[in-house]
Each structure stands twice: as structure tokens, then as C-alpha cells.
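In the working numbering, the protein residues as written are 85 to 386. Even for Gly, the Cβ is constructed at its ideal location relative to N, Cα and C. Remarks on the structure that follows.
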Amino acid sequence: MPVVRPTSDSFVVVDLEGADRCDGVVRWAKKILLDGARSLARSRTYAWASIGEQISGASVGISAPPEDRDEAIAAFDRAPCEFALGLDIGKGVNPGDLPVRTAADWRNPLLNDDDGAARLALVSAGAVAAAAAQLGGLHDSTVAVEGPPPAINALGTAFAGSGAEVLELDEHSLSAVIAARPDVLVLGSAVGLLDHVGAATIEPAVIVPWGPMPVTTRAVAVARRNGVEVLPDFVTTVGPLIAAVDSSTDLVGLIDVAGQRIGGIIEEVRDHPEGPLVGAAIRAEEFLSTWQAQLPFGRPIA
């Protein structure tokens, strides 16, 4: 997995060689770990492959102490870039911190709104469509959403609009969501959020990720043994990428398109003998093999 260092404080991980375009998240902290960035880039690669696009996942890390944060981010923004790179704002980075990169972003400008509302609306629509496709509809299903606002608000509104009963919780922690015993658990605030210990306490249900890789590999195995299906995060969250390569700025129309495509993918893989997550990974790899001489090693599971 190629790693480029535009400045002394930053790196760009590009998952695939030979891609004309790539995109992913940019994060700042005192120390951004390369292994975590590689995992995020791989997840994005599988997301692009899921919608049939020859685009590589990427991930940017900017490591600097708090007192040097602004200059480190500005230096990365000014540094030359040898490939077409689109960036999502991640931990430690604010909208407006990267004006040069934003101006050069090859993706639909709709995704660069300052408050992230368009992106969140597309993710919410994808989560709803995926859950509905897995269950054959959401009427009479109960849903509990994990995470912080505004994500829980947007996701809750979207699921309620689909006919599901969104459970009111005193808090939206993972433990509270599991304790509510819903039919659909919507998770995504952190990579590796749900481990095998937590998965063992979940009754038969569907887990719908709204963020990258929230369920560990062991948790997926434990969940399946208990009748819990984990949907592929690189499909459930792909709504913004569907919009990214569309020239339309009609958000309502893009939400409809994203929902249809995501629901269609889940319908394809929901009955896979190894579960929808593995089924979706195999499906993505089949596309990757059409333009990559060798498949990337390792699937995007925490």
C-alpha cells in the first residue's frame, strides 16, 4: 500500500496503484497511526468497488502537537499533490482548514458543505435502504441508533420516515443500544466499536453500520452464531460516494438514487451462505479483479 509524505508532519496512504483518482478521510492528532489509516483506505476501496468505480481508497494523517496544529494542516494544504485526491473532514480537522485541497477536489461539490448535512443525509438514506432490503421492509421493526448528534438525529429521522419505530433512549451509547433489544442496531461512532464480548449479548437482529468498520472480525463471527447479521459498512455508507461521481446537485434525487443502489446491493448479498458482509466483500473483489492485477491483501473488517 503506497505511502506518500507531502510534508514532514503528514502522510497520504493510497490503497491501490494505477488509480487516476482516490479519496478518503483526513485526520489530525498528536499521533496518527499508519495502520489505522491503511484500514480506512481499504474500507474506502471496497466501497468504490461496490458501486463499480475504478477509484482507490485513501487516508491522510497529520501528526503534530496542538500548538503546531494549524501550521501542520496549512502546510499539508499547500503541498503539491501528484494525484487527484478528494478528502472528507475527519477527527481534528475543521471545515475550511483545507481551502486549496477543497478547491481541487474532483468530487461533487455538494459533499463539501460546511456542516456535512448532505453527506449525513446520504449516509442515513443508505442505512435505511440497507436495513429494509435485509429485512424485506421496516414496518413494525424497532430501531436503536448509537452515536453522537447530529448523526443520531439524522439517522433516527430517516428510519422513522421508513415506518420503523425508533426507540427513545436516555443515552445513545453502545451498551444502551444493545440493552434496548431492537430489531435493528445502527452503529458507527468508532472503528472496532463492537467486539466479540458485546456481540455475544445481542439477540437476533440486524446490525447496520453508519461509519467505517464498527464491528470487529471476531464480533462478526459471534454475531452470526447468535442469529445476528452484520451488514457491510462499505455498502451501507456508500451514499456519499454515489453522489461524488454524479454531476447532479439535487440532493433529494441523489438520496433516492443512493437508496435504490444500496438496497439493490444488499438484496444481492443478503442470502450469501457466509453472510452479507462476506458476500459483499466477494462482490467487491470480483470488480477489483477486473482492473487490478492482484487483489489487495486483507478485507476491511476491524
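Just to confirm my understanding: we take residue i, look at its own chain, exclude 5 residues before and 5 after, and list those with CB closer than 7 Å. What are they?
i      : result
Gly247 : Leu222, His223
Leu219 : Ser225, Val290
Ala205 : Ala238, Leu335, Ile339
Thr285 : Ile262
Ala327 : Asn192, Leu194, Leu195, Leu206, Leu338, Ala342
Val322 : Ala131, Ser134, Ile135, Gly210, Ile346
Val362 : His356
Are the beta-carbon atoms of residue i and residue j separated by less than 7 Å?
i      : j      : result
Asp279 : Ala307 : no
Leu335 : Ala202 : yes
Ala238 : Leu269 : no
Ala163 : Pro234 : no
Arg105 : Ala168 : yes
Val97  : Ser143 : yes
Ala244 : Val250 : yes
Met297 : Asp267 : no
Can you tell which of the options has the C-alpha that lies nearest to the C-alpha of residue i?
i      : options                        : result
Ile385 : Leu253, Pro357, Val299, Pro150 : Val299
Ser259 : Val281, Ala305, Thr241         : Val281
Val319 : Val98, Thr129, Cys106          : Thr129
Asp93  : Ala158, Gly102, Ala142, Asp198 : Ala158
Glu369 : Glu101, Val96, Ala131, Val261  : Ala131
Leu277 : Pro266, Arg265, Pro293, Glu287 : Pro293
Ala214 : Glu155, Thr301, Leu315         : Leu315
Ile146 : Phe243, Val177, Cys165         : Val177
Gln376 : Glu252, Gly102, Val312         : Gly102
Asp99  : Leu117, Gly363, Leu118, Gly141 : Gly141
Ala364 : Gly136, Ala244, Ala209         : Gly136
Gln138 : Phe371, Gly231, Arg383         : Phe371
Gly295 : Asp189, Ser123, Ser331         : Ser123
Gly311 : Ile366, Ala283, Asp317, Val329 : Ala283
Ala264 : Ala228, Lys175, Val353         : Ala228
Asp189 : Cys165, Val353, Gly382, Glu155 : Cys165
Gly108 : His356, Arg153, Asp119, Arg126 : Arg126
Suppose the cutoff is 6 Å on Cβ atoms and the five residues either side in sequence are ignored; what does the same chain contact list for residue i look like?
i      : result
Ala217 : Gly347, Ile350, Glu351
Gly337 : none
Leu171 : Val110, Arg185
Asp198 : Pro179
Asp161 : Leu182, Val184, Arg185
Glu287 : Arg265
According to DSSP, residue i sits in a beta bridge with which residue or residues?
i      : result
Gly141 : Asp107
Leu70  : Missing from the structure shown is residue 70; the chain here goes from 85 to 386 and no further.
Thr226 : Glu249
Pro324 : Answer is none; Pro324 lacks a bridge partner.
Phe95  : Gly145
Leu118 : Answer by DSSP bridge pairing: none, since Leu118 is not bridged.
Pro293 : Leu271
Leu278 : Val299
Looking only at its chain, what residues have a beta carbon closer than 8 Å to the beta carbon of residue i, apart from the 5 residues adjacent to it on each side?
i      : result
Asp254 : Ala260
Pro149 : Lys114
Ser257 : Glu230
Gly359 : Val304, Arg308, Glu313, Val314
| field | Cβ pair count under 8 Å reaching 3, the region 337-347 against the region 96-115 | value | no
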